[in-house]
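Trainee: Protein chains in written order, with our numbering: chain V, 3 to 109; chain R, 3 to 109. No residue lacks a Cβ here, since even glycine has one placed at the ideal position from N, Cα and C.
2 protein chains.
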Amino acid sequence: MNGLTEMLKGVLEGVVLQKISQGETYGYEITRYLNELGFEDIVEGTVYTVLIRLEKKQLLTVTKRKSKIGPMRKFYTLNAAGVAYLASFWEKQAFIEEKLRMIKGEA
Amino acid sequence: MNGLTEMLKGVLEGVVLQKISQGETYGYEITRYLNELGFEDIVEGTVYTVLIRLEKKQLLTVTKRKSKIGPMRKFYTLNAAGVAYLASFWEKQAFIEEKLRMIKGEA
DNA sequence: TACTGCTATATTGTATTGCTAAGTAGATAA
DNA sequence: TTATCTACTTAGCAATACAATATAGCAGTA
């Protein structure tokens, strides 16, 4: 799927949060997950900037640990604010999807 | 619904195209329509920039006509490229919605 | 006339965001 | 040594939604 860039704005943040909410993970793994899921063009750089942004917004807790097969990893989990933010994301997404159905004439 | 701004990026363009596809219309009317639909915070300035962008992308045909109750109106309709672009928008949206369901664990 | 309000479009600047591109660095296998 | 995979960082760019402001036509009213 091409030309998704603009439509991912806002959505990508929620996707990353959702992934983290399902269990402690790190940037590289998140990127691989998104690629496998079908977001083939999303690269590491994009995910890392999202993670740093979420960290600045204080939605994540971070732990640095060694990896056996490479350099240090930064493991992320959601804190309470992150959980709330994620819930808010899904509400917004549901709202937009509902309005889109209405505009399209399916409701 | 607050904080939709970032999530509207990419979507708003499709919404405006869809509205125009349903019959000749103009910026002010589109804004009113979106407000009534529930996008309460979308203002004229936002819609006009979208329209000008779509016009530059050559997706619209434009006709200026007088109004009895105010200044000149710019009426928009979709051309062939606009129809194709709109179809592409809905495909991308369906793709993203599908992936979101997968991530959320509903698929 | 002067004003107020509604209709209608245009423009400028800003913040946010996804992405590109380049770099740094550890571990492992050839 | 070299290459490859893992793993994170950063500078800068392009696109977008939005705020703010400006311009202007028309109707009603005092």
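To test your reading of the DSSP string, which unbroken alpha helix (DSSP H) runs of 4 or more residues are found completely within the stretch 30 to 96 of chain V?
Mentor: 46 to 58, all fully within the stretch 30 to 96 of chain V.
Trainee: Look at the alpha carbon of G107/V and the alpha carbon of Y30/V, and state the distance between them as a whole number of angstroms.
Mentor: Stepping through the first sequence from its first residue, residue 107/V is reached at position 105. Stepping through the first sequence from its first residue, residue 30/V is reached at position 28. Looking at the two C-alpha atoms, the distance is approximately 41 Å.
Trainee: Could you tell me whether any Cβ in chain R is nearer than 8 Å to the Cβ of Q95/V?
Mentor: For this step, residue 95/V is matched to residue 93 along the first sequence. Yes, Q95/V lies at the interface with chain R (some Cβ there is under 8 Å from its Cβ).
Trainee: Thinking T33/V and V49/V are a contact (beta carbons under 8 Å), I'd like their distance in whole angstroms, please.
Mentor: The residue labelled residue 33/V in the question sits at position 31 within the first sequence. The residue labelled residue 49/V in the question sits at position 47 within the first sequence. Right, the Cβ-Cβ distance comes to about 5 Å (below 8 Å), so this counts as a contact.
Trainee: The alpha helix (DSSP H) with Q20/V in it runs from where to where?
Mentor: Locating residue 20/V in the first sequence gives position 18, where the first residue counts as 1. Taken as a continuous stretch (DSSP letters only), the alpha helix (DSSP H) holding Q20/V covers 13 to 23.
Trainee: What is the rounded straight-line gap between the Cα of G84/V and the Cα of L61/V?
Mentor: In the first sequence, residue 84/V corresponds to position 82, counting from 1. In the first sequence, residue 61/V corresponds to position 59, counting from 1. G84/V and L61/V have their C-alpha atoms roughly 4 Å apart.
Trainee: As a quick exercise: from E93/R, L6/R, T65/R, F91/R, pick the residue whose alpha carbon is nearest that of T27/R.
Mentor: To locate residue 27/R, count along the second sequence from 1; it is residue 25. When only C-alpha atoms are compared, the closest one is T65/R.
Trainee: Restricting to Cα atoms, I'd like to know which of I54/V, T79/V, I105/V, W92/V is closest to N4/R.
Mentor: Reading the second sequence from its first residue, position 2 is the one you call residue 4/R. Measuring from the Cα of N4/R, the nearest candidate turns out to be W92/V.
Trainee: Please report the Cβ distance between G12/V and M104/R, rounded to the nearest whole angstrom; I am assuming they are in contact, meaning their Cβ atoms lie under 8 Å.
Mentor: As a first step, residue 12/V must be located in the first sequence, where it is residue number 10. As a first step, residue 104/R must be located in the second sequence, where it is residue number 102. Not confirmed; about 18 Å, so no contact.
Trainee: So is I98/R buried or exposed if we call it buried at 16+ other beta carbons inside 10 Å?
Mentor: Sequence index remark: in the second sequence, residue 98/R carries index 96 (1-based). With 16 or more Cβ atoms within 10 Å of its Cβ, I98/R is classed as buried.
Trainee: Considering only their Cβ atoms, is the gap separating L56/R from L102/R smaller than 8 Å?
Mentor: Walking along the second sequence from the start, residue 102/R turns up at place 100. Walking along the second sequence from the start, residue 56/R turns up at place 54. Contact: no.
Trainee: Nearest CA to the CA of T51/V: which residue from E100/V, L14/V, N81/V, E42/V?
Mentor: For the purposes of this step, residue 51/V is identified with residue 49 of the first sequence, where counting begins at 1. Nearest of E100/V, L14/V, N81/V, E42/V to T51/V, Cα basis: L14/V.
Trainee: By alpha-carbon positions, which one of P73/V, G72/V, L88/V ends up nearest to T79/V?
Mentor: Position 77 of the first sequence, counted from the first residue, corresponds to residue 79/V. The option with the nearest alpha carbon to T79/V is L88/V.
Trainee: Cα separation between G25/R and S23/V?
Mentor: Counting from 1 along the second sequence, the entry for residue 25/R is found at position 23. Counting from 1 along the first sequence, the entry for residue 23/V is found at position 21. Roughly 44 Å between the two C-alpha positions.
Trainee: On the DSSP letters alone, give me the boundaries of the alpha helix (DSSP H) that M9/V sits inside.
Mentor: Here residue 9/V refers to the residue found at position 7 of the first sequence. Counting along the chain, the alpha helix (DSSP H) containing M9/V begins and ends at 7 to 10.
Trainee: With a threshold of 8 Å between beta carbons, is G84/V in contact with chain R?
Mentor: Position 82 of the first sequence holds residue 84/V. No, G84/V lies away from the interface with chain R (no Cβ there is under 8 Å from its Cβ).
Trainee: How would you list, in chain order, the residues of chain V whose beta-carbon sits under 8 Å from the beta-carbon of V52/R?
Mentor: Against the second sequence, residue 52/R aligns to sequence position 50. Here the premise fails: no neighbours, minimum Cβ distance about 12 Å.
Trainee: Rounded to the nearest angstrom, what separates P73/R and D43/R at their Cα positions?
Mentor: Counting from 1 along the second sequence, the entry for residue 73/R is found at position 71. Counting from 1 along the second sequence, the entry for residue 43/R is found at position 41. So the two alpha carbons sit approximately 24 Å from each other.
Trainee: Where does G16/V land, buried or exposed, given buried means 16+ other C-beta within 10 angstroms?
Mentor: As a working note, residue 16/V is residue 14 in the first sequence. G16/V should be labelled buried.
Trainee: Under the rule that 16 or more other beta-carbon atoms within 10 Å means buried, what is K94/R, buried or exposed?
Mentor: Translated into the one-based positions of the second sequence, residue 94/R becomes position 92. Result: buried.
Trainee: Give the straight-line distance between the Cα atoms of K68/R and N37/V, rounded to the nearest whole angstrom.
Mentor: Taking the second sequence and counting its residues from 1, the one referred to as residue 68/R is at position 66. Taking the first sequence and counting its residues from 1, the one referred to as residue 37/V is at position 35. About 52 Å.
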